[in-house]
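Below is one structure, written out as structure tokens, with a few remarks after it.
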Amino acid sequence: MDDEQIYVRLTQIFDDVFDDESIQVTPELSAKDVDGWDSLTHIRMILTVEKAFKIKFSTSEIGKLENVGDLVKLIKSHG
Amino acid sequence: MNQLFSELQWLPRAPQDFSSSLKALGNSAGPLGSEMRSLALHALDLNQLTKLAKAIGKATAGGRSIDPLVPFRLAVLSNSTVDLIVPALVASAARHGIALEVLQPSYDQVAQEALTPDSKVNSSKPDAVLIALDYRGLPLKLSIGDSEAASAAVRGVIGYLQALSNGIKTNSGAVCIFQTFAPPVETLFGSLDRALPGTMRSLIDAINHALAEHVLDSGDVLLDVAGVAESVGLADWHDTQLWNMAKFSFSDELIPLYADHVARTVAAIRGKSGKALILDLDNTVWGGVIGDDGLEGIQVAQGDARGEAHLAVQRLALELRQRGIVLAVSSKNTDQIAREPFEKHPEMLLKLEHIAVFQANWNDKATNIQAIADELSLGLESMVFLDDNPVERGLVRKLLPQVAVPELPDDPAYYARTLAAGGYFEAVVFANEDLKRAGYYQDNARRASLQKQAHGVEAYLASLDMTITFQPFDATGRARIVQLINKSNQYNLTTRRYTDPEIAEAENDPDVFTLQVRLADIFGDNGMIGVIICRPSESGVWEIDTWLMSCRVLGRKVEHMVLREILDHARVAGVQKLSGTYRPTDRNKLVVDHYSKLGFNKLDEDESGLTCWELVVDGANPESAPMKVVSQGFVAVASHS
Numbered sequence: 008m009d010d011e012q013i014y015v016r017l018t019q020i021f022d023d024v025f026d027d028e029s030i031q032v033t034p035e036l037s038a039k040d041v042d043g044w045d046s047l048t049h050i051r052m053i054l055t056v057e058k059a060f061k062i063k064f065s066t067s068e069i070g071k072l073e074n075v076g077d078l079v080k081l082i083k084s085h086g
Numbered sequence: 107m108n109q110l111f112s113e114l115q116w117l118p119r120a121p122q123d124f125s126s127s128l129k130a131l132g133n134s135a136g137p138l139g140s141e142m143r144s145l146a147l148h149a150l151d152l153n154q155l156t157k158l159a160k161a162i163g164k165a166t167a168g169g170r171s172i173d174p175l176v177p178f179r180l181a182v183l184s185n186s187t188v189d190l191i192v193p194a195l196v197a198s199a200a201r202h203g204i205a206l207e208v209l210q211p212s213y214d215q216v217a218q219e220a221l222t223p224d225s226k227v228n229s230s231k232p233d234a235v236l237i238a239l240d241y242r243g244l245p246l247k248l249s250i251g252d253s254e255a256a257s258a259a260v261r262g263v264i265g266y267l268q269a270l271s272n273g274i275k276t277n278s279g280a281v282c283i284f285q286t287f288a289p290p291v292e293t294l295f296g297s298l299d300r301a302l303p304g305t306m307r308s309l310i311d312a313i314n315h316a317l318a319e320h321v322l323d324s325g326d327v328l329l330d331v332a333g334v335a336e337s338v339g340l341a342d343w344h345d346t347q348l349w350n351m352a353k354f355s356f357s358d359e360l361i362p363l364y365a366d367h368v369a370r371t372v373a374a375i376r377g378k379s380g381k382a383l384i385l386d387l388d389n390t391v392w393g394g395v396i397g398d399d400g401l402e403g404i405q406v407a408q409g410d411a412r413g414e415a416h417l418a419v420q421r422l423a424l425e426l427r428q429r430g431i432v433l434a435v436s437s438k439n440t441d442q443i444a445r446e447p448f449e450k451h452p453e454m455l456l457k458l459e460h461i462a463v464f465q466a467n468w469n470d471k472a473t474n475i476q477a478i479a480d481e482l483s484l485g486l487e488s489m490v491f492l493d494d495n496p497v498e499r500g501l502v503r504k505l506l507p508q509v510a511v512p513e514l515p516d517d518p519a520y521y522a523r524t525l526a527a528g529g530y531f532e533a534v535v536f537a538n539e540d541l542k543r544a545g546y547y548q549d550n551a552r553r554a555s556l557q558k559q560a561h562g563v564e565a566y567l568a569s570l571d572m573t574i575t576f577q578p579f580d581a582t583g584r585a586r587i588v589q590l591i592n593k594s595n596q597y598n599l600t601t602r603r604y605t606d607p608e609i610a611e612a613e614n615d616p617d618v619f620t621l622q623v624r625l626a627d628i629f630g631d632n633g634m635i636g637v638i639i640c641r642p643s644e645s646g647v648w649e650i651d652t653w654l655m656s657c658r659v660l661g662r663k664v665e666h667m668v669l670r671e672i673l674d675h676a677r678v679a680g681v682q683k684l685s686g687t688y689r690p691t692d693r694n695k696l697v698v699d700h701y702s703k704l705g706f707n708k709l710d711e712d713e714s715g716l717t718c719w720e721l722v723v724d725g726a727n728p729e730s731a732p733m734k735v736v737s738q739g740f741v742a743v744a745s746h747s
């Protein structure tokens, strides 16, 4: 799966999790940019990503995530 | 993970337009509560539940009435993170007819909230308090091999839980919902953990047992979380990573299941649970079609895998009846034929005496279920309808949305489990009167009379997106044509049986007009559902030698569409009249009025009940039905005018 496909899927997931279809999913996007992206919604987002891509992240991988760019790299490393 | 439970497979999948329906919630003038409920009545995942809860919150913020949902205030006390669970509770409660308001005090303040008279929970006067503790929230120390210390530990835990209950009762008057505890996966010795006092497994066994006893005595309510966790498997229930990261006491994937169990329990406290089970017969209570396969042909015997699957449905129904659930039957069948297996089949567990209302006729099932509800004087919302046929399920859901209609998997082996997993008959107490209830309804039940037809059948049929396909007989279809000709008993005007070579002959005879009819709809392809043979008799006349159809497509005006097709070809062939015969057998009473309903004129009737009919082709215009027509493979038939 290439970057573009991952971003398309992530855009759907962000709409689903944050209930906001206006979110532009870019590599720089992080929690401070999105209304309602608190620690629990973060976990719900990670869980939804794991389910959608059929992968499982380790606890330390999740702990290191800073922004969407990191998340995309992590998804690719599991692909 | 077992998908029956993790994906709530007894509920229909969420529709494609779920998100836009959510956005439109509350825009129409209709009762808000019904809209919310119909959205909640799908198998929703955590994100969908969260969105629905948000939409419910928004729609109710304006102070609009949420009838017919019943308000309920639930406080949740927990030692784990419940923030993601709360929205799921609100949305799942709507599924069960409850408008749930959840009070959620700060994290891990269980004892403070219960025991302080003016705590947030106590002062808000909830209807119930859910003590959502997991084993990590108990004052519990291992005491391996020391039975006295183990008993003391169990007494200590039960004393703690009782103190919570007393505090809440005294300070707020609310009832407590206690959860049993799912034991951790990890063992110390292995199997010995279950036997040895003071291990985690045996301590939790003892606590669950004592807690269950406390609940029966105290008027509190039990939510058997341990039972839910066992059903899905402890390793799937406990997610250690999620506990470490966010203090989730069980896997996020099972939040929809857990929330539905809480919602059922709350609904049961409010008396909203199923009281009657309405059973379809063919391919639900037994395998096969009694009208076609006969008493010897249906599968309902021990030793036959298919038969045992249907027996399991019967056994569950009987056991439900034993605890007070009323049983009824709604079947598209001739009454007498449908009763035969109950009266004569030695392997049937269900007998007529167990059925309070027996509705076997050819009306649509929504009309029948309404009649059953009237007959039993029970509301539609306490009816559960079990049917293998997705079209029947869809019709009932559409016309009678209050009736619970579980989805069923393709394999009957899982029918009973799916029905039970849906939790339609959840109850929080059991009274001795319950034992007598089923019989009570039965004594009072007469056979319901069905006058009024349910509204909206036409609109529902249009929504099925049906395509009917007509072809002449061909080699590809021959095996199925021969099978239908030799098997169909009910929707069969003449019950003439033909062999494969005889059908091949008709296929190749240019004077004989034949039709094989197929029907597809949004639920899939029903395959070949009709067979017609017309033979030239006197000049300009087609004698309808054979007209048979599958009972599966009854009530969809397929026969009207078939007649239109025959007429089209008759006109091309220069035929002026169709002549039809009804030859009565002990199985085909269903079609006694077939030709009359299609506008044929009766010419003759003999003492056996055999009737002869004719229709003048010119000017005949039978009613049309909402389906797409495909007519293919025909060459012009020789003219006989």
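Note that the protein sequences, when read in sequence, are chains A and B. Here my numbering = 1-based position in the first sequence + 7. Here my numbering = 1-based position in the second sequence + 106. Where a beta carbon is used, it is the ideal one built from N, C-alpha and C, also for glycine.
Between Y14 of chain A and P362 of chain B, the alpha-carbon positions lie close to 27 Å from each other. Its chain contains A238 as the residues whose beta carbon lies nearer than 6 Å to that of S184 of chain B, once the 5 sequence neighbours on both sides are disregarded; these appear in chain order.
Taking 9 Å as the upper bound on Cβ-Cβ separation, chain B lies near residues I20, D22, D23, V24, D26 and E28 of the segment 8-33 of chain A.
In the structure shown, F536 of chain B falls within a coil segment according to DSSP collapsed to helix, strand and coil. Around the beta carbon of E487 of chain B, 16 or more other beta carbons lie within 10 angstroms, which makes this residue buried. Taking the beta carbon of Q347 of chain B as reference, the chain A residues within 7 Å of it are T66, listed in sequence order. Remark: C-beta atoms of R429 of chain B and F531 of chain B approach each other more closely than 9 Å. For the 9 Å CB-CB criterion, L387 of chain B and V435 of chain B form a contact.
Rounded to whole angstroms, the gap between the alpha carbons of V509 of chain B and V741 of chain B is 49 Å. Counting of Cβ neighbours within 10 angstroms places E319 of chain B among the exposed residues, the total staying below 16. Neighbourhood of I62 of chain A in chain B, by CB distance below 8 Å: empty, with the nearest CB roughly 13 Å away.
For the options B:T156, B:S140 and B:T166, the alpha carbon positioned closest to that of G43 of chain A is the one of B:T156. It is roughly 7 Å from the alpha-carbon of I62 of chain A to the alpha-carbon of H85 of chain A. For A341 of chain B, no CB of chain A lies under 9 Å from its own CB, so it is not counted at the interface with that chain. Exclusion of the five residues before and after A120 of chain B leaves H148, A149, L150 and Q154 as the residues of its chain whose Cβ lies within less than 7 Å of its Cβ. Counting along the chain, D627 of chain B sits inside no alpha helix (DSSP H); it lies in the beta strand (DSSP E) bounded by residues F619 to D627. Here DSSP, grouped into helix, strand and coil, assigns S308 of chain B to helix. Contact check for I635 of chain B against V647 of chain B fails: the beta carbons are separated by 9 Å or more.
Among the residues of the segment 583-603 of chain B, none has a Cβ less than 7 Å away from any Cβ of chain A. In the displayed model, N439 of chain B falls within coil according to three-state DSSP, outside both helix and strand.
Your pair M667 of chain B and I574 of chain B checks out as a contact, with CB atoms roughly 5 Å apart and the cut at 8 Å.
Taking E671 of chain B as the centre and dropping the five residues before and after it, the same chain places the C-beta of F576, L621 and S737 closer than 7 Å to its C-beta, in chain order.
Under the DSSP assignment, A205 of chain B falls in the beta strand (DSSP E) whose first and last residues are I204 to L209.
Under the three-state reduction of DSSP output, K378 of chain B falls in the coil class, being neither helix nor strand. The three-state secondary structure of R119 of chain B, taken from DSSP, is strand. For T166 of chain B, no CB of chain A lies under 9 Å from its own CB, so it is not counted at the interface with that chain. With a threshold of 9 Å between beta carbons, E359 of chain B makes contact with chain A. Between P512 of chain B and G529 of chain B the beta-carbon gap is near 10 Å, outside 8 Å, which marks them as no contact. Listed in chain order, the positions of the segment 188-220 of chain B with a beta carbon within less than 8 Å of a beta carbon of chain A are D189 and L190. Cα atoms of V563 of chain B and P507 of chain B: separation of roughly 14 Å, rounded to the nearest angstrom. According to the DSSP assignment, T166 of chain B belongs to the alpha helix (DSSP H) that extends over L152 to A167. Within the segment 47-60 of chain A, contact with chain B at the beta-carbon level (separation under 8 Å) is assigned to L47, I50, R51, L54, T55 and K58. For the set B:P452, B:K438, B:Q442 and B:A676, the Cα lying nearest the Cα of N467 of chain B is the one of B:K438. Here L704 of chain B is not near P732 of chain B, since their CB atoms are 9 Å or more apart.
Identification of chain B residues near I69 of chain A by a Cβ-Cβ cut-off of 8 Å yields M351, ordered along the chain. In the DSSP secondary-structure assignment, P223 of chain B is not bridged to any residue.
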